[in-house]
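Data first, discussion second: the structure below is written as structure tokens.
There are 6 protein chains.
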Amino acid sequence: MSEEILKLGIPAGSLQKATIELFGKAGFHILDSERSYLPRIDDEQIRLIMLRAQEISRVVADGVLDAGITGYDWIMENGSDVVEVCELGYSKTSSNPTRWVLAVPDESKVTKPEDLQGGTIATELVSVTKKYFADKNINVKVEFSWGATEVKARLVDAIVELTETGASLRANNLRIIDTVITSTTRFIANKEAWQDKFKREKIENIAILLNAAIDARNRVGLKMNIKKSELESILKILPAEKSPTVSSLANSDYVAIEVIIEDKIERSLVPALKRAGASGIITYPLNKVIH
Amino acid sequence: MSEEILKLGIPAGSLQKATIELFGKAGFHILDSERSYLPRIDDEQIRLIMLRAQEISRVVADGVLDAGITGYDWIMENGSDVVEVCELGYSKTSSNPTRWVLAVPDESKVTKPEDLQGGTIATELVSVTKKYFADKNINVKVEFSWGATEVKARLVDAIVELTETGASLRANNLRIIDTVITSTTRFIANKEAWQDKFKREKIENIAILLNAAIDARNRVGLKMNIKKSELESILKILPAEKSPTVSSLANSDYVAIEVIIEDKIERSLVPALKRAGASGIITYPLNKVIH
Amino acid sequence: MSEEILKLGIPAGSLQKATIELFGKAGFHILDSERSYLPRIDDEQIRLIMLRAQEISRVVADGVLDAGITGYDWIMENGSDVVEVCELGYSKTSSNPTRWVLAVPDESKVTKPEDLQGGTIATELVSVTKKYFADKNINVKVEFSWGATEVKARLVDAIVELTETGASLRANNLRIIDTVITSTTRFIANKEAWQDKFKREKIENIAILLNAAIDARNRVGLKMNIKKSELESILKILPAEKSPTVSSLANSDYVAIEVIIEDKIERSLVPALKRAGASGIITYPLNKVIH
Amino acid sequence: MSEEILKLGIPAGSLQKATIELFGKAGFHILDSERSYLPRIDDEQIRLIMLRAQEISRVVADGVLDAGITGYDWIMENGSDVVEVCELGYSKTSSNPTRWVLAVPDESKVTKPEDLQGGTIATELVSVTKKYFADKNINVKVEFSWGATEVKARLVDAIVELTETGASLRANNLRIIDTVITSTTRFIANKEAWQDKFKREKIENIAILLNAAIDARNRVGLKMNIKKSELESILKILPAEKSPTVSSLANSDYVAIEVIIEDKIERSLVPALKRAGASGIITYPLNKVIH
Amino acid sequence: MSEEILKLGIPAGSLQKATIELFGKAGFHILDSERSYLPRIDDEQIRLIMLRAQEISRVVADGVLDAGITGYDWIMENGSDVVEVCELGYSKTSSNPTRWVLAVPDESKVTKPEDLQGGTIATELVSVTKKYFADKNINVKVEFSWGATEVKARLVDAIVELTETGASLRANNLRIIDTVITSTTRFIANKEAWQDKFKREKIENIAILLNAAIDARNRVGLKMNIKKSELESILKILPAEKSPTVSSLANSDYVAIEVIIEDKIERSLVPALKRAGASGIITYPLNKVIH
Amino acid sequence: MSEEILKLGIPAGSLQKATIELFGKAGFHILDSERSYLPRIDDEQIRLIMLRAQEISRVVADGVLDAGITGYDWIMENGSDVVEVCELGYSKTSSNPTRWVLAVPDESKVTKPEDLQGGTIATELVSVTKKYFADKNINVKVEFSWGATEVKARLVDAIVELTETGASLRANNLRIIDTVITSTTRFIANKEAWQDKFKREKIENIAILLNAAIDARNRVGLKMNIKKSELESILKILPAEKSPTVSSLANSDYVAIEVIIEDKIERSLVPALKRAGASGIITYPLNKVIH
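Chains as they are written, first to last, in my numbering: chain Y, 905 to 1195; chain A, 905 to 1195; chain D, 905 to 1195; chain L, 905 to 1195; chain G, 905 to 1195; chain S, 905 to 1195.
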């Protein structure tokens, strides 16, 4: 029987730090990622390789790797035939999706894609951009450019560039005129690896743990004690979709309630619970949440 | 009906980092505070402005802002007529109050405020210092100085300077001879805003959450299992003012006890509980504690 | 009656940061450790002194300090007659023990200690190294060297050098041929101090808290709700040696289970529990775990 | 006879680094300026004190210091009666003068000082600003503000703020509508000190050396060999106001020419000289140039 | 008449810092290059644009820029039809040319290009690499790769990668098997711009000044006084190709000699001159040297 | 015939940066000194090894190295029998010698070495310290200590510690009571190597160049033009021991004078020359000065 190993590609570069932190929260500790493209991980069944996000889907499709983490944008650009295991709701700095946008200098007369007919577009995402214009029946020349930055935008007619918040484009006096593709991080697998019992279970376990860590980020545990007589009214304040754990206490007039909530809800919920008479309210951080 | 917005001033400078961390723990995420005086916050009902702590009470009193966070020292210096919502027990580096102290060079002959009769005092806190000396009927000239630092102290007769621990003054060979004012951080509101239903509730909610986060800092949750027969003796060891949550377990010989304690007490309590026979003792961190 | 004070030595240098963090997690906040060899600690019964790890056991044996934290290697090197209170499972970067290894340049012909007969060994750990070779009846000259680094290894026949993972030795093209001594961090006490009631209890309390913090590092709390009917099958999945806390819920068809597990186990346990039908699984971080 | 000492104030803060470098080039080495307000200098006749630029003219006027380096802006603000020894052509980052400008938010309707009638102006330079508006018979309230930054500009009607290039104002979306005062660095002396023979000569020597170092910054020495027959035509290319040193060579057909030129002229002069037949042209850096 | 402006492209990225320093030594001060792709330069006839070295020759060939600085490698890769004004002897860290080398993992069996027949090569320099293999009649697939780094080398058969000293390749356990192209920095011009009188003279002036600054880097001026009687023997020691400036002195027994020498020669020359009886030998740094 | 190579040891640690800069000024460029104990140098006849200053004299005496740079203190401590080629007037931060001083806590009653009779001394310089006390017939125990820092001083009776200015000792509240040994940097050679013709000449050449670079540090070249009629009076102002180079000019009423002076003299000389009527005075930096 062959040794059971999962070859897993993780992205170097802008997603690297966030990915390694996420694996840490999921319970996998990655060492030496600053120094080596083959970082160590404290799970003997996983072999890690760090590659540029741009290349991971190609290598997973080829079967050189069993699975990998990369962006939807580069899966599309490469046209890679892979299994998409799940979406992973994290990116470089936030949990927002990133966008590749069509942008022109503030001073340009271009206001819609059609105005670019016959023009030149610089981008790192050549295939996706070509398809975008072809779908609209707009004839343009798409030119590869390493980082189609602000200066590039002034030497061609428009650029297609990655952005999270648009702030960097605005700072460079560029104006967004359309979104070419919206991308989030994906966990992908090679099609053959997905048929292998060991690899599939390993991949699914990693997916469960990564998602559990992502879900725990914006949630907290909340506990409080309430009088049994107020139980019903308090339960109404709690988010409907949550089923709180109600446990009995030694003092039978009271019950303890525990519930997992999103931290955005916490802001209005905690003052409301206090006003409704709950006592000993605490919230505590979570490592993982599995729905 | 007008849009419901709370204009909130937070201090730039030495309190900035601590304030933004505190809001984070309270559940409000502030972005771009390093780059912009109008940092973003993930609550659409709040508009943040970052100002020097020295100026916030003036701007809240004028009604340009609805509420703000600043020090008691600068409320006094500016003589601002504002509502003090609550004290916030945090400062730059610790939970200790800061003091403005009257200090002289180690080699000075001055040992008490009265020795400064007829002298010159340099300080950033001119009005408070003038009042301090006037109350004691000591006649001095009070001169404004940007940071009345160690060298300044040698060009005048004394300085009134901010300190948390006194360490920086000692390092500059300055000797403290009196405390002029003790200051802690305050949450203040404009008087009219305080009468507005929406604004007052919003301000109170923020106050509850900030205080809950502050209280959680030095507290931990403690859980343990104990034999029912030992319950009484163990309860005596626990801090009297706390009412622990006692919950029943499947094994009816045992009960689970959970209690929130200060981390200073934890140091003596945990070994004592272990000696008293408690098992499975754990402590865990908290995000918020509401009394 | 004399004032009750424990004089405690903590290691400066490579263990310093990890030690101060560990005390923080144990509930003791150490200030100014970057600036002073007498850092402040928020416990009035402890007086801290920061010394090189090499010298602590000597000073504890002499009674200048009551207790201290140092490595087993330096206790052996100094031949210090002290009480070993407990082992502390932490080191500079990991929870692995460190090793002093006998190493030679990759290009050396030496492959075993015996090949060094008549040669010269450079090391900072002179006594231990002499004893190591004497025990093997190999005659060598052992020379003191401040950090027996890679270049030193090329000027003598072999070095005895500290390593955690061996990575730095490999990077310097050195080959390990044997382990001279394995060392972990130890909490030691002066023999007389150990007989003093106050000091011994204080030392034991610190030991309990430090170990509780160390144990909490790699553990998490796990909670879930399960149907009573599935209780037995789920309990079989949990690690045998753990006794989970099973508590009753308002809904009597379900019970809540809580258990402390190692984070390495969590990786396989969480997906298994999910598959076995547990719901509302969460894990949360711990500050202290006392067995 | 009293000991001969010159007490000299140099500016802390934004000019500090540039001032210490300039003294270094002038031949005075200043040590410990990062750590002490009384930095050491390798001239036993000088005692240095480092103070905020804002306060130096006040202290020199009072006679606490004999001389000092500060900005024209703060001499005016303080209304200090001092001897201005000379202008020193350097500032924080360039040799340009700095300006205090009247600025408003981009979106403000104010376009000229007169539009501010009845308004409020925030600035650190209160007296100068009051005089500026009084001279124009415009009635405004001038409010002190520590750093009248971008956010401040939005809470009052206009600010008066320091700028070198205007870049930081533009980045904050502020628009300059007038210059209130232009300032350069000045070397000033106390009036009595200026009458003291030793102090005056010492001050003048320092002034000569500082100016010689400033002048050397943007100049280079240029040497070349030319045929005697081409001497006249080459001399015409050289800047008229310079008198080059022409020295004879062993080979009597040639002469050597040496001249000090500004580095801006060098850019066009060097190619021109090459085309005109000069050979062995070199330029070399200078430490000091005394006209 | 049109305004006389030269549009000049300089490389962003690895050559950026060295280029800006070189312009500074040549007498052109470039500001804001860290913040803007259109850095300011203190010459009103030049407009600077900062672009990736990879793209400059394309843009110069298109006439968007008049001239630019880039590497020979990228001129070849782009197949750009431009005027090569001169070679500039500088690179990122040294004055050595850079090489694109064909490299394989240490453990690969490949030892010569021919062994790669039928294989896959990853590189950023696709066209040049294709031509290299075509010239040798070796059939390979050349794949574009952003930075064909060490990990990439293990997923294909070989990489073509840039190196100055080979150190980084060795560190990644890669073995060089051939040099594909050797490259140095070039100053290039657009063909039409080269025919424009103003532009050509401006380009030539810049070329003279850049080369003068490069030549001055490794040269020093040397002066000494020697007895006339020893003139002949000393002149023999000096490098033959240099014609020293011999000038007469007031004391007619002596002459002063001045000569520009390379600093590598200085190391043996200075001791030799001292032994030969020269006195008052000094060497001094140079800003520019024009042959 | 054997290859001609000089094996040269240079100090790692506190002297490392200053040594590498000095070699650079002497004309030898050392690369990779941050990364390798065998840094590269651009002279094929030299092989560099970087070692702790403490060990260099031992290794030179043994003949493992031909020559080395180290401190007089460690030559004495090791009792090494080597040739002292010359003193090198540089150290970590200044050109002052360093001192090993006997120091006690401020609060100690010890005021002279004799008061330490019977006490314990901690130091890194054990042999020299033992000899110092033996010479004075004072009986003490001398204990090795890695960096006998401030805290160490409080656990023994006195320390012998290295200092340049005494500032760090004062900051640690230590009081100097005597100087044990004064040390400067030395260039040393192995006795046999010194008899080898190639090695000795190479060592002497390096010594000439290092000393020429050291001498150039605090000197500048000064040039001026003066009227022949004022020549005599100006020559009297110049330092007597210097013989200026007087060269004739095309305008025979004037002569050019050039002289090398120390920069400390420059401060008074330049203003004096200006007052005496010299014109066109400039000073310029030097790379090397050979007397």
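In this text, a Cβ means the ideal position worked out from N, Cα and C, and glycines have one as well.
- 7 Å or more divides the Cβ of G:Ile1092 from the Cβ of G:Gly1184.
- For A:Thr974, no chain Y residue has a C-beta closer than 9 Å to its own C-beta; the minimum C-beta separation is roughly 23 Å.
- With contacts defined by Cβ atoms closer than 7 Å, L:Leu926 and L:Ala1117 form a contacting pair.
- In the three-state scheme derived from DSSP, where H, G and I count as helix and E and B as strand, S:Gly928 is classed as helix.
- At a Cβ-Cβ threshold of 7 Å, L:Thr923 and L:Ile914 count as neighbours.
- Of the residues S:Ile945, S:Arg939, S:Val1174, the one whose Cα lies closest to the Cα of S:Gly928 is S:Ile945.
- For Y:Pro1175, the uninterrupted alpha helix (DSSP H) segment begins and ends at 1167 to 1179.
- With fewer than three CB-CB distances shorter than 8 Å, the segment 1118 to 1135 of chain Y does not count as touching the segment 1131 to 1143 of chain A.
- In this model, A:Gly1181 and A:Ile953 are separated by some 54 Å (Cα to Cα).
- Per DSSP, the beta bridge partners of S:Lys1045 are S:Thr1024.
- From the listed residues Y:Ala957, Y:Ala1007, Y:Leu1177, Y:Pro1148, the smallest Cα separation to Y:Ala1075 is found for Y:Ala1007.
- Distance from the CA atom of S:Ile934 to the CA atom of S:Leu955, rounded to whole angstroms, is 15 Å.
- Between A:Ile1194 and chain Y, the shortest Cβ-Cβ separation is below 7 Å.
- No Cβ of chain D is located within less than 7 Å of the beta carbon of S:Trp978.
- By the 16-neighbour rule on beta-carbons within 10 angstroms, L:Gly1022 is exposed.
- In the three-state DSSP reduction, A:Glu1105 falls in the helix class (H, G or I).
- Interface flag for Y:Lys929 against chain A is unset, since no Cβ pair is found closer than 7 Å.
- Looking from the CA of D:Pro1189, the closest CA among D:Ile1165, D:Leu1173, D:Pro1175 belongs to D:Ile1165.
- At least one CB of chain A lies nearer than 7 Å to the CB of L:Trp1050.
- Assignment of G:Pro1017 by DSSP, reduced to helix, strand and coil, places it in the helix class.
- Distance from the CA of Y:Leu1113 to the CA of D:Leu1126, rounded to the nearest whole angstrom, comes to 14 Å.
- Taking 8 Å as the cut-off between beta carbons, the residues of the segment 944 to 978 of chain L near chain S are Asp946, Asp947, in sequence order.
- Rounded to the nearest angstrom, the gap between the Cα atoms of D:Lys911 and S:Thr1027 is 24 Å.
- The segment 1028 to 1039 of chain A makes contact with the segment 1080 to 1099 of chain A, as at least three CB pairs between them are under 8 Å.
- Excluding sequence positions up to five before and after D:Ile1186, its CB lies within less than 8 Å of the CB of Leu1126, Lys1127, Met1128, all in the same chain and listed in chain order.
- The beta carbon of A:Val1008 does not come within 7 Å of any beta carbon belonging to chain Y, so the residue lies off that interface.
- Pairing D:Ser1152 with A:Ser1152 gives a Cβ-Cβ distance under 7 Å.
- With a 10 Å radius around the Cβ and a threshold of 16 neighbouring Cβ atoms, S:Asp1167 comes out buried.
- It is roughly 33 Å from the alpha-carbon of A:Val1124 to the alpha-carbon of D:Ser1137.
- Cβ atoms of S:Gly993 and S:Thr1088 come within 8 Å of each other, at about 7 Å.
- According to the DSSP secondary-structure assignment, L:Asn1129 is paired through a beta bridge with L:Ala1160, L:Ser1183.
- The continuous beta strand (DSSP E) containing G:Ala1007 extends over residues 1002 to 1009.
- The alpha-carbon separation between A:Asn1094 and Y:Ala1176 amounts to approximately 24 Å.
- Closer than 7 Å at the C-beta level to chain S, one finds these residues of the segment 1128 to 1162 of chain G: Asn1129, Ser1151, Ser1152, Leu1153, Ala1154, Ala1160.
- Assignment of D:Thr1083 by DSSP, reduced to helix, strand and coil, places it in the strand class.
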